[in-house]
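Remarks on the structure that follows.
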Amino acid sequence: MSEGDADRVRDALLARFGESPPVDASLAGIDELARMAGHRTHRRYTERAVGADLVRLLCACALSAPSKSDLQQADIMIVSDPAKRDVIADLLPDQPHVRDAPVFLVFLANGRRFHDLFARRDRPFVNDHLDAFFNSTVDAALVLASFLRAAEAVGLGCCPISVIRDHAATVSALLDLPERVIPVSGLCLGWPADTPPITPRLGLDLTIHENRYDDGEIAARIAASDRRRAGRMPYRRQRDEARWGTAPDYGWSEDKARQYATPQRADFGAFVRGKGFRLD
Ligand SMILES: Cc1cc2nc3c(=O)[nH]c(=O)nc-3n(C[C@H](O)[C@H](O)[C@H](O)COP(=O)(O)O)c2cc1C
Numbered sequence: 593m594s595e596g597d598a599d600r601v602r603d604a605l606l607a608r609f610g611e612s613p614p615v616d617a618s619l620a621g622i623d624e625l626a627r628m629a630g631h632r633t634h635r636r637y638t639e640r641a642v643g644a645d646l647v648r649l650l651c652a653c654a655l656s657a658p659s660k661s662d663l664q665q666a667d668i669m670i671v672s673d674p675a676k677r678d679v680i681a682d683l684l685p686d687q688p689h690v691r692d693a694p695v696f697l698v699f700l701a702n703g704r705r706f707h708d709l710f711a712r713r714d715r716p717f718v719n720d721h722l723d724a725f726f727n728s729t730v731d732a733a734l735v736l737a738s739f740l741r742a743a744e745a746v747g748l749g750c751c752p753i754s755v756i757r758d759h760a761a762t763v764s765a766l767l768d769l770p771e772r773v774i775p776v777s778g779l780c781l782g783w784p785a786d787t788p789p790i791t792p793r794l795g796l797d798l799t800i801h802e803n804r805y806d807d808g809e810i811a812a813r814i815a816a817s818d819r820r821r822a823g824r825m826p827y828r829r830q831r832d833e834a835r836w837g838t839a840p841d842y843g844w845s846e847d848k849a850r851q852y853a854t855p856q857r858a859d860f861g862a863f864v865r866g867k868g869f870r871l872d
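This note's numbering puts the sequence shown at residues 593 to 872.
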């Protein structure tokens with residue numbers, strides 16, 4: 593039991609959501625809840641190395657995540673070859689943490705092992721549709737989330753890197769990814785060089801539902817979240833001012849509406865299909 597941990601949970605949730613559900617300090621694992629509530633993405637790392645054994649241990653813990661029907665359709669690629677890392681970093685010049693992080697990993701959705709099993713057992717692969725892609729991607733996302741949790745538990749900091757998918761075909765060729773194996777996210781890993789602020793999220797009134805989906809008064813609720821975020825962690829700059837001008841109330845809504853006003857990864861479906869997944 594620890595009041596200190598319970599306070600850490602409350603403080604983090606207040607910063608994140610503007611409110612905290614009641615926190616029972618006697619809960620088992622309250623220290624783990626404090627760590628989860630206090631999550632932040634780390635993009636700056638010290639020069640201290642992260643040992644290969646530790647990376648493997650974290651991978652094993654992450655791969656202990658639940659897996660849909662025990663199909664085990666996620667893999668982790670450790671990109672330890674500096675030349676390969678340089679290729680990825682060169683593709684992403686606005687993501688300096690990709691070059692700087694002591695360790696770089698790629699989380700993979702793997703529909704291959706399961707698919708090929710059917711050929712070896714001389715059975716038709718009758719479930720060749722969107723669900724095969726979806727299941728393997730969900731497995732990979734769970735492994736990614738579990739890796740973050742394991743890494744943060746030992747004091748490491750992480751930054752997932754979905755922008756590797758802007759260059760999915762190049763990354764895939766670089767890492768020799770075969771048919772039905774696709775990158776879901778990269779991940780930078782290292783010992784944190786700073787403590788970034790907790791990033792606020794939308795209010796829990798928007799994202800927790802009970803018994804029926806409720807988005808009543810959604811515009812007002814999102815506006816309230818925008819105001820809370822602006823008060824706590826205002827955006828340092830407004831995106832694409834040349835195109836959209838300067839907004840008086842620049843919050844999450846305006847930032848995301850600007851971010852996705854430019855087409856992103858419109859070719860990703862073609863890449864996934866080209867890798868052998870059927871998306872219908
Ligand atoms: C699947 C996934 C992909 C992400 N991709 C990137 C990325 O390419 N570059 C980056 O700097 N951050 C990336 N992030 C980090 C998010 O920007 C970050 O989680 C979000 O801003 C919320 O901040 P927080 O994690 O500190 O709460 C990614 C996060 C997730 C979960």
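Glycine included, each C-beta is placed from N, C-alpha and C at the ideal position.
Within 7 Å: the Cβ of residue 631 and any heavy atom of ligand 1? Stepping through the sequence shown from its first residue, residue 631 is reached at position 39. Relative to the non-hydrogen atoms of ligand 1, the Cβ of residue 631 comes within a distance shorter than 7 Å of at least one.
If you reduce the DSSP assignment to three classes, tell me which class residue 697 lands in. As a first step, residue 697 is located in the sequence shown; it is residue number 105 there, counting from the start. Residue state, collapsed to three classes: strand.
Taking the straight line between their C-alpha atoms, what separation do you get for residue 655 and residue 739? As a first step, residue 655 must be located in the sequence shown, where it is residue number 63. As a first step, residue 739 must be located in the sequence shown, where it is residue number 147. If you take the alpha carbons of residue 655 and residue 739, they lie about 8 Å apart.
Spatial neighbours of residue 729 within its chain, please: CB distance less than 7 Å, with the 5 preceding and 5 following residues excluded, ordered by chain position. Here residue 729 corresponds to residue number 137 of the sequence shown, with the count starting at 1. Residues 701 and 776 of the same chain have their beta carbon placed closer than 7 Å to that of residue 729, with the five preceding and five following residues left out of the count.
Could you tell me whether the stretch 625–643 touches the stretch 742–755, using the rule of 3 or more Cβ pairs below 8 Å? Yes: at least three Cβ pairs fall under 8 Å.
Report the rounded CA-to-CA distance for residue 710 versus residue 869, giving the unit in angstroms. Within the sequence shown, residue 710 is the residue found at index 118, counting from 1. Within the sequence shown, residue 869 is the residue found at index 277, counting from 1. Distance between the alpha carbons of residue 710 and residue 869: 15 Å.
Is residue 826 a contact residue of ligand 1, with contact defined as CB to any heavy atom under 7 Å? Along the sequence shown, one-based indexing puts residue 826 at 234. Residue 826 Cβ: outside cutoff for every heavy atom of ligand 1.
So, do the stretch 790–804 and the stretch 722–737 have three or more beta carbon pairs nearer to each other than 8 Å? Contact between the stretch 790–804 and the stretch 722–737 is absent: fewer than three C-beta pairs spanning the two stretches fall below 8 Å.
With DSSP collapsed to three states, give me the class of residue 800. Residue 800 sits at position 208 when you count from the first residue of the sequence shown. Here residue 800 carries a coil assignment [DSSP, helix/strand/coil].
Using a threshold of 8 Å, state whether the C-beta atoms of residue 699 and residue 665 are closer than that. Residue mapping note: residue 699 aligns to position 107 of the sequence shown, counting from 1. Residue mapping note: residue 665 aligns to position 73 of the sequence shown, counting from 1. The answer is no: Cβ separation not under 8 Å.
By how many angstroms is the C-alpha of residue 618 removed from the C-alpha of residue 757? As a first step, residue 757 is located in the sequence shown; it is residue number 165 there, counting from the start. As a first step, residue 618 is located in the sequence shown; it is residue number 26 there, counting from the start. Rounded to the nearest whole angstrom, the CA to CA distance from residue 757 to residue 618 is 43 Å.
For residue 752, count neighbouring C-beta atoms within 10 Å of its own C-beta (all shown protein chains included) and say buried if the count is 16 or more, exposed if not. If you number the sequence shown from 1, residue 752 lands on position 160. Looking at its Cβ environment, which holds 16 or more other Cβ atoms inside 10 Å, residue 752 is buried.
Would you say the stretch 763–775 touches the stretch 711–720, given that touching needs at least three Cβ pairs under 8 Å? Verdict: no, contact absent.
Do residue 608 and residue 790 have their C-beta atoms closer together than 8 Å? If you number the sequence shown from 1, residue 608 lands on position 16. If you number the sequence shown from 1, residue 790 lands on position 198. Less than 8 Å divides the Cβ of residue 608 from the Cβ of residue 790.
Alpha carbon of residue 613 to alpha carbon of residue 621, nearest angstrom: Numbered from 1 along the sequence shown, position 21 holds the residue referred to as residue 613. Numbered from 1 along the sequence shown, position 29 holds the residue referred to as residue 621. The alpha-carbon atoms of residue 613 and residue 621 are separated by roughly 16 Å.
Separation of residue 634 from residue 599, as counted between CA atoms: The residue given as residue 599 occupies position 7 in the sequence shown. The residue given as residue 634 occupies position 42 in the sequence shown. If you take the alpha carbons of residue 599 and residue 634, they lie about 23 Å apart.
Please state whether the Cβ-Cβ distance between residue 795 and residue 816 is less than 8 Å. The count along the sequence shown starts at 1 and reaches residue 795 at position 203. The count along the sequence shown starts at 1 and reaches residue 816 at position 224. Yes.
Give a single yes or no on whether residue 753 has its beta carbon closer than 7 Å to a heavy atom of ligand 1. By one-based count along the sequence shown, residue 753 stands at place 161. Correct: residue 753 has its Cβ closer than 7 Å to ligand 1.
Could you check if residue 635 belongs to the surroundings of ligand 1, using beta carbon to heavy atom distance under 7 Å? Residue numbering aside, residue 635 sits at position 43 when the sequence shown is read from its first letter. Set against 7 Å, the gap from the CB of residue 635 to the closest heavy atom of ligand 1 is smaller.
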